[in-house]
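With the working numbering, the residue at position 131 of the sequence shown is 131, and numbering never jumps.
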Amino acid sequence: MMQLQQVDRRTGLTKKEFLNEYLHPNKPVVFTDMAEDWPALHKWTVEFFKTRYGYLEVPVYNSNYSKPGPGYMTSDRLMLFKDFLEATENGHSDLRLFLFDIFDPAPELREDFTFPTVMRGFIKRFPFMFFGGEGSEVTMHYDIDCANVFLTQFIGHKHIILFPPEESDKIYHHPFTVKSLIEPESPDYDKFPALRNVKGYETILKHGETIFMPTRYWHYMHYLDFSFGLALRSQSNMNTRARGLFNIGAHYLIDKACNMASPKRWHNWKEARAYENARPFEGVGKR
Ligand SMILES: O=C(O)CCC(=O)C(=O)O
Ligand SMILES: [Fe+2]
């Protein structure tokens, strides 16, 4: 059956330890204290965002984001930030704010955190925020730009499941996309037999903790409470940078265009390909 090992949790991790034990071997880790000196940790509350930035119009997403059809990979609608926060902070709303660049309209918020010093190559122009209500899910994907991600958690808890890039076939990577078909919290081994042989990681991320997800790592997130996160991204080298650009160009455009032309057929074709790629991994470990 699917094997999930707990992500290491480290306090006081030095740069040297991080490079040797995590960045170079491409292994995830939770830093318990990377953000401990950030003003953001205490300052960024729901009230703070509502009163200071409630007037912003934000593009919100719901769970149609990953389903084939007109809602595919597009934002649902615009809302006032204040209304979005009201809808999600206590309720059961599947609305999410994804890759939210609040720092464009509110550059002063950049003073409230610092970029990690454990590696170089941070893309300082694009810190992003993610917001979601209790119960909302971010389906299994990897980040199209192939960056390393340092995601710091605020307020509530998030269950995170990760798979390394070399496990892509076993989790039914949907070709021409950065998506997988599986629901990792309730794996369906009849539908996806190769899943029995997959190995990954999991953790529950808490307020103030930062998870490092190496380049091209698959990630799934389940908001156990209302929470938000700040994602800081870095590019390790020219290779991953080039790969990211290729992904954005080829995959994204082809996928969008084919979904537009014939959503059902394109979805089915990708699904068939994902099954074919997983077939070699179905046998091993079967009971
Ligand atoms: O926290 C989230 O809602 C999603 C985070 C994510 O996918 C990312 O940081 O790449
Ligand atoms: Fe992501």
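The C-beta atom is built at its ideal place from N, Cα and C for all residues, glycine as well. Keep in mind that this is a model prediction, so the values were computed, not measured.
Practice item. Could you work out which residue in S186, L151, H267, K264 is closest to L230 when comparing CA atoms only? Key: Counted from its first residue, the sequence shown places residue 230 at position 230. Out of S186, L151, H267, K264, L151 has the C-alpha closest to the C-alpha of L230.
Point to revise | D145: CB within 6 Å of a non-hydrogen atom of ligand 1 | key: The sequence position of residue 145 within the sequence shown is 145, counting from 1. No; taking the cut-off as 6 Å, the Cβ of D145 has no heavy atom of ligand 1 nearer than that.
Practice item. Say whether the segment 193-206 touches the segment 123-133, bearing in mind that this needs 3 or more beta-carbon pairs closer than 8 Å, one atom from each stretch. Key: no
Review point. Taking just the CA atoms, how far does L109 sit from L56?
Key: On the sequence shown, position 56 is the one that residue 56 refers to. On the sequence shown, position 109 is the one that residue 109 refers to. Spanning the two alpha carbons is a distance of roughly 14 Å.
Check your understanding: How would you call E36, buried or exposed, if buried means at least 16 neighbouring beta carbons within 10 angstroms?
Key -> The residue labelled residue 36 in the question sits at position 36 within the sequence shown. Flag for E36 reads exposed.
Review point. For E183, which of H159, K264, K170, M140 has the nearest alpha-carbon?
Key: For the purposes of this step, residue 183 is taken as the residue at position 183 of the sequence shown. Cα-wise, what sits closest to E183 is M140.
Practice item. Compute every distance between the C-beta of L78 and the non-hydrogen atoms of ligand 1, then say whether any falls below 6 Å. Key: Indexing the sequence shown from 1 puts residue 78 at position 78. No, the beta carbon of L78 sits no closer than 6 Å to any heavy atom of ligand 1.
Check your understanding: For F48, does the count of other Cβ atoms within 10 angstroms reach 16, so buried, or fall short, so exposed?
Key -> For the purposes of this step, residue 48 is identified with residue 48 of the sequence shown, where counting begins at 1. Burial call: exposed.
Check your understanding: Between L151 and ligand 1, is the CB less than 6 Å from at least one heavy atom?
Key -> Here residue 151 is taken as the residue at index 151 of the sequence shown, counted from 1. The answer is yes for L151.
Practice item. Measure how close the beta-carbons of F98 and Y61 come, nearest whole angstrom, since I'm counting them as under 8 Å. Key: Position 98 of the sequence shown, counted from the first residue, corresponds to residue 98. Position 61 of the sequence shown, counted from the first residue, corresponds to residue 61. F98 to Y61, Cβ: 5 Å. Contact.
Practice item. Output the distance between the C-alpha atoms of P39 and P280, rounded to the nearest integer angstrom. Key: In the sequence shown, counting from the first residue as 1, residue 39 sits at position 39. In the sequence shown, counting from the first residue as 1, residue 280 sits at position 280. About 50 Å.
Practice item. Work out the CA separation of A261 and V118 for me, nearest whole Å. Key: Indexing the sequence shown from 1 puts residue 118 at position 118. Indexing the sequence shown from 1 puts residue 261 at position 261. The straight-line gap from Cα to Cα measures roughly 45 Å.
**Study point:** Nearest to L181 (by Cα), restricted to the options M1, E271, T14
**Key:** Along the sequence shown, read from residue 1 onward, the residue named residue 181 stands at position 181. The residue with the shortest Cα to Cα distance from L181 is E271.
**Study point:** Close beta carbons around N26, own chain, < 7 Å, minus the five adjacent residues each side
**Key:** For the purposes of this step, residue 26 is identified with residue 26 of the sequence shown, where counting begins at 1. Excluding sequence neighbours, N26 sits near P164, P214.
Check your understanding: How close, in whole Å, do the beta carbons of H222 and H159 come, if the pair is a contact with beta carbons under 8 Å?
Key -> Along the sequence shown, one-based indexing puts residue 222 at 222. Along the sequence shown, one-based indexing puts residue 159 at 159. Yes, H222 and H159 are in contact; Cβ-Cβ is about 4 Å, under 8 Å.
Exercise for review: Please report how far the alpha carbon of F113 lies from the alpha carbon of D33, in whole angstroms.
Suggested key: In the sequence shown, counting from the first residue as 1, residue 113 sits at position 113. In the sequence shown, counting from the first residue as 1, residue 33 sits at position 33. Taking the straight line joining both Cα atoms gives about 13 Å.
Exercise for review: Can you give me the start and stop residues for the beta strand (DSSP E) that P59 sits inside?
Suggested key: Numbered from its first residue, the sequence shown carries residue 59 at position 59. Where P59 is concerned, the enclosing beta strand (DSSP E) stretches over 57-60.
Practice item. Return helix, strand or coil for D94, following the three-state DSSP convention. Key: Taking the first residue of the sequence shown as position 1, residue 94 is located at position 94. D94: coil per DSSP, three-state reduction.
Practice item. Compare the C-alpha of V58 against each of P116, F100, R9 and name the closest. Key: In the sequence shown, counting from the first residue as 1, residue 58 sits at position 58. Among P116, F100, R9, the Cα nearest to that of V58 belongs to F100.
Check your understanding: Looking at V138 and ligand 1, is the gap between the Cβ and the nearest heavy atom below 6 Å?
Key -> Position 138 of the sequence shown, counted from the first residue, corresponds to residue 138. Checking the Cβ of V138 against ligand 1 gives yes.
Review point. Looking at C-alpha atoms only, which residue of P187, A274, D225, R265 is the closest neighbour of N90?
Key: Looking up residue 90 in the sequence shown gives position 90. Checking every option, the nearest Cα to that of N90 belongs to D225.
Practice item. Reducing DSSP to helix, strand and coil, say where W44 ends up. Key: The residue given as residue 44 occupies position 44 in the sequence shown. Reduced to three states, the DSSP call for W44 is coil.
Review point. Just to confirm, are H363 and I161 a CB contact at a threshold of 7 Å?
Key: The structure shown does not extend to residue 363, since the chain is modelled only from 1 to 287, so the question has no answer here.
Practice item. Find the nearest neighbour of R77 within the set S186, L95, A147, E86, judged by alpha-carbon distance. Key: Taking the first residue of the sequence shown as position 1, residue 77 is located at position 77. When each option's Cα is compared against that of R77, the closest is L95.
Review point. Under 6 Å from any heavy atom of ligand 1, does the C-beta of G156 make it?
Key: What you label residue 156 is simply residue 156 of the sequence shown in a count that begins at 1. Every heavy atom of ligand 1 is 6 Å or more from the Cβ of G156, so no.
Review point. Under 7 Å, do R315 and Q235 count as touching if we go by C-beta distance?
Key: Because residue 315 is not part of the residues shown, which for the chain are 1 to 287, the question remains open.
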